[in-house]
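J.: Just dropping this structure here.
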Amino acid sequence: MPDASRLEQALSRFDAAIDELATAMEHHGTAPGRAEGGDGAGAGEDDRHAALQAELEALREDRARLVDELKGLRERNSELADARTKAVGRIDDAMSRIRTVLGE
Numbered sequence: 002m003p004d005a006s007r008l009e010q011a012l013s014r015f016d017a018a019i020d021e022l023a024t025a026m027e028h029h030g031t032a033p034g035r036a037e038g039g040d041g042a043g044a045g046e047d048d049r050h051a052a053l054q055a056e057l058e059a060l061r062e063d064r065a066r067l068v069d070e071l072k073g074l075r076e077r078n079s080e081l082a083d084a085r086t087k088a089v090g091r092i093d094d095a096m097s098r099i100r101t102v103l104g105e
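Residue numbers (our numbering): 2 to 105.
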């Protein structure tokens with residue numbers, strides 16, 4: 002299932018991006034309000050940090066949804082492969098019976 006392989010690669014890249022974002026957030030902004038001086042810069046940092054946290058959470062939710070979707074697609078692929086195998090067997094049986102009736 003080549004599409005699943007590409008999806009897995011995309012999920013790996015997505016995971017790496019989330020990890021990179023989380024690391025960047027930890028390095029640059031995990032201490033909301035740390036820039037609080039008399040200039041009010043802390044509120045802007047807090048807002049930026051909250052926005053990044055929300056985006057990170059949204060990305061994690063998207064990833065979880067994609068993983069679930071991939072799992073469902075794999076299950077469906079397995080069901081279709083089983084159905085195909087059964088259909089091929091039935092067709093082979095029918096062809097054998099037809100050959101027997103025709104005397105081949």
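Glycine is no exception: its CB is placed at the ideal position from the N, C-alpha and C atoms. Since the model is a prediction, treat every value here as computed from it, not as a measurement.
Taking the alpha-carbon positions, what's the V89 to A95 distance?
T.: Translated into the one-based positions of the sequence shown, residue 89 becomes position 88. Translated into the one-based positions of the sequence shown, residue 95 becomes position 94. Going from the Cα of V89 to the Cα of A95 covers about 10 Å.
J.: Between K72 and K87, what straight-line distance do the alpha-carbon atoms span, to the nearest angstrom?
T.: In the sequence shown, the residue the question calls residue 72 occupies position 71. In the sequence shown, the residue the question calls residue 87 occupies position 86. If you take the alpha carbons of K72 and K87, they lie about 23 Å apart.
J.: Consult DSSP for G73 and reduce its assignment to one of helix, strand or coil.
T.: As a working note, residue 73 is residue 72 in the sequence shown. Note: G73 maps to helix in three-state DSSP.
J.: In whole angstroms, give me the CA-to-CA distance for G104 and R77.
T.: On the sequence shown, residue 104 is found 103 positions in, with the first residue counted as 1. On the sequence shown, residue 77 is found 76 positions in, with the first residue counted as 1. Approximately 40 Å, taken between the alpha carbons.
J.: Beta carbon of R64, beta carbon of F15: below 8 Å?
T.: Indexing the sequence shown from 1 puts residue 64 at position 63. Indexing the sequence shown from 1 puts residue 15 at position 14. With respect to the 8 Å criterion, R64 and F15 are classified as neighbours on the basis of their beta carbons.
J.: My assumption, with CB atoms under 8 Å, is that L12 sits in contact with L81. Please give the rounded CB distance.
T.: Counting from 1 along the sequence shown, the entry for residue 12 is found at position 11. Counting from 1 along the sequence shown, the entry for residue 81 is found at position 80. Wrong, their Cβ atoms sit about 22 Å apart, outside the cutoff.
J.: Give the DSSP-derived three-state secondary structure of E58 in the structure shown.
T.: Translated into the one-based positions of the sequence shown, residue 58 becomes position 57. Three-state DSSP puts E58 in a helix.
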